[in-house]
Amino acid sequence: MKAITLPSFGGPEVLTVSEIPTPGINADEVLVRVVAAGVNRADLLQRQGNYAPPPGESEIPGLEVSGIVVQVGSRVEGWSEGDEVCALLAGGGYAEHVAVPAGQLLPVPDGISLVDAAALPEVTCTVWSNLVMTAGLQRGDTLLVHGGSSGIGTTAIQIAHRLGVRVAVTAGSAAKLERCRELGASILIDYKEQDFVKELRAGTDGHGADVILDNMGAKYLPRNVAALATGGRLVIIGMQGGVKGELDIATLLRKRGTVVATSLRARPRAEKAAIVAEVREHVWPLVEAGELAPVIHGRFPAREVARAHEELDRGTHIGKVLLTI
Numbered sequence: 001m002k003a004i005t006l007p008s009f010g011g012p013e014v015l016t017v018s019e020i021p022t023p024g025i026n027a028d029e030v031l032v033r034v035v036a037a038g039v040n041r042a043d044l045l046q047r048q049g050n051y052a053p054p055p056g057e058s059e060i061p062g063l064e065v066s067g068i069v070v071q072v073g074s075r076v077e078g079w080s081e082g083d084e085v086c087a088l089l090a091g092g093g094y095a096e097h098v099a100v101p102a103g104q105l106l107p108v109p110d111g112i113s114l115v116d117a118a119a120l121p122e123v124t125c126t127v128w129s130n131l132v133m134t135a136g137l138q139r140g141d142t143l144l145v146h147g148g149s150s151g152i153g154t155t156a157i158q159i160a161h162r163l164g165v166r167v168a169v170t171a172g173s174a175a176k177l178e179r180c181r182e183l184g185a186s187i188l189i190d191y192k193e194q195d196f197v198k199e200l201r202a203g204t205d206g207h208g209a210d211v212i213l214d215n216m217g218a219k220y221l222p223r224n225v226a227a228l229a230t231g232g233r234l235v236i237i238g239m240q241g242g243v244k245g246e247l248d249i250a251t252l253l254r255k256r257g258t259v260v261a262t263s264l265r266a267r268p269r270a271e272k273a274a275i276v277a278e279v280r281e282h283v284w285p286l287v288e289a290g291e292l293a294p295v296i297h298g299r300f301p302a303r304e305v306a307r308a309h310e311e312l313d314r315g316t317h318i319g320k321v322l323l324t325i
């Protein structure tokens with residue numbers, strides 16, 4: 001099969017189309033013929049040599065795909081050849097075929113095209129597992145989402161809004177903030193021009209955020225703690241702002257706050273399967289009802305994978321970037 005490999009690390013130019021063996025499958029896996037793959041910041045980090053796949057997983061980039069089942073393992077139930085699916089991966093998505101643990105498969109939701117379904121698995125699993133399963137987000141809470149116009153951000157806004165949560169976002173342009181407002185955010189903060197702690201407190205009558213979903217890490221740590229409400233939960237899912245920051249423990253104690261950092265890629269397969277099952281139960285009905293839709297910035301043919309990475313790296317996108325395979 002053809003796959004996009006990394007003979008070396010560096011800029012987008014190192015992404016190379018190669019001929020490699022089609023993967024075999026274990027008894028609890030299916031083989032998917034890939035139609036589209038999501039492009040995520042984790043892929044950019046892997047390309048740069050800063051985010052190796054978990055041991056034993058494919059070294060081909062790509063954490064989510066959509067496609068058609070072409071082979072089913074002997075212990076797999078509930079899936080058949082010809083099924084249209086999307087899937088959460090630990091790697092291997094930038095290829096014509098990928099082996100997927102059966103527990104990480106999802107049906108393509110009604111009303112979503114097979115290509116666009118590739119935009120759903122990673123973001124919905126990340127958002128649901130962090131906001132609901134980890135942080136306990138619930139109706140009446142206030143949520144602050146950093147990077148509200150990203151793929152994860154646009155998904156978090158929609159899910160939280162449907163849960164009856166007040167959503168605040170940070171983004172870097174008026175156009176991005178307007179799109180966040182259209183999706184359900186009500187407190188809009190331009191991080192280039194405004195102090196998000198001050199703006200959040202003004203917008204919540206001093207309450208702050210019950211939950212913060214943070215992709216920045218170290219750079220925002222002190223201000224995130226300052227922005228928490230009493231009993232607030234800060235969930236860190238990225239390191240775009242660095243890896244080492246200063247934690248004001250006195251403020252955290254006074255607020256009875258929680259700081260948790262999570263990642264999805266390296267979790268055991270059983271944990272991923274549990275997350276996927278919850279997403280299928282709670283999020284897929286929203287998608288099929290038209291209450292949640294993937295926001296697609298662009299679709300690039302696989303031969304233009306370097307251009308897709310450049311687009312994501314520029315940070316001007318709103319929503320998801322996809323590769324069509």
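Residue numbering for the sequence shown follows full-length UniProt numbering, beginning at 1 and increasing consecutively. Ideal Cβ positions, reconstructed from N, Cα and C, are used throughout, including at glycine.
DSSP lists 319 as the bridge partner or partners of residue 150. By the C-beta density criterion, residue 198 is exposed, having fewer than 16 other C-beta atoms within 10 angstroms. Looking at the backbone, the Cα of residue 93 and that of residue 263 are separated by about 18 Å. Inter-residue distance for residue 118 and residue 36 is about 6 Å (C-alpha atoms, whole angstroms). By the Cβ-count criterion, residue 31 is buried, with 16 or more other Cβ atoms from all chains shown falling within 10 Å of its own Cβ.
Our two residues, residue 51 and residue 60, have alpha carbons roughly 12 Å apart in a direct line. Going by DSSP, residue 207 is part of no alpha helix (DSSP H) at all; its letter is neither H nor E. When DSSP states are grouped into helix, strand and coil, residue 115 belongs to the coil group. At the C-beta level, residue 260 and residue 252 stay beyond 8 Å of one another.
Membership of residue 81 in any alpha helix (DSSP H) is not indicated, and neither H nor E is assigned to it by DSSP. Restricting attention to alpha helix (DSSP H) runs no shorter than 4 residues, the segment 263-288 encloses them at 269-282, 284-288, ordered along the chain. Here the segment 118-132 makes contact with the segment 53-70; the two share three or more CB pairs at distances below 8 Å.
Judged by DSSP secondary structure, residue 249 falls outside any beta strand (DSSP E) and instead within the alpha helix (DSSP H) spanning 249-255. Cβ-Cβ distances below 6 Å link residue 291 to 162 in the same chain, with the five nearest sequence neighbours on each side left out; the list follows chain order.
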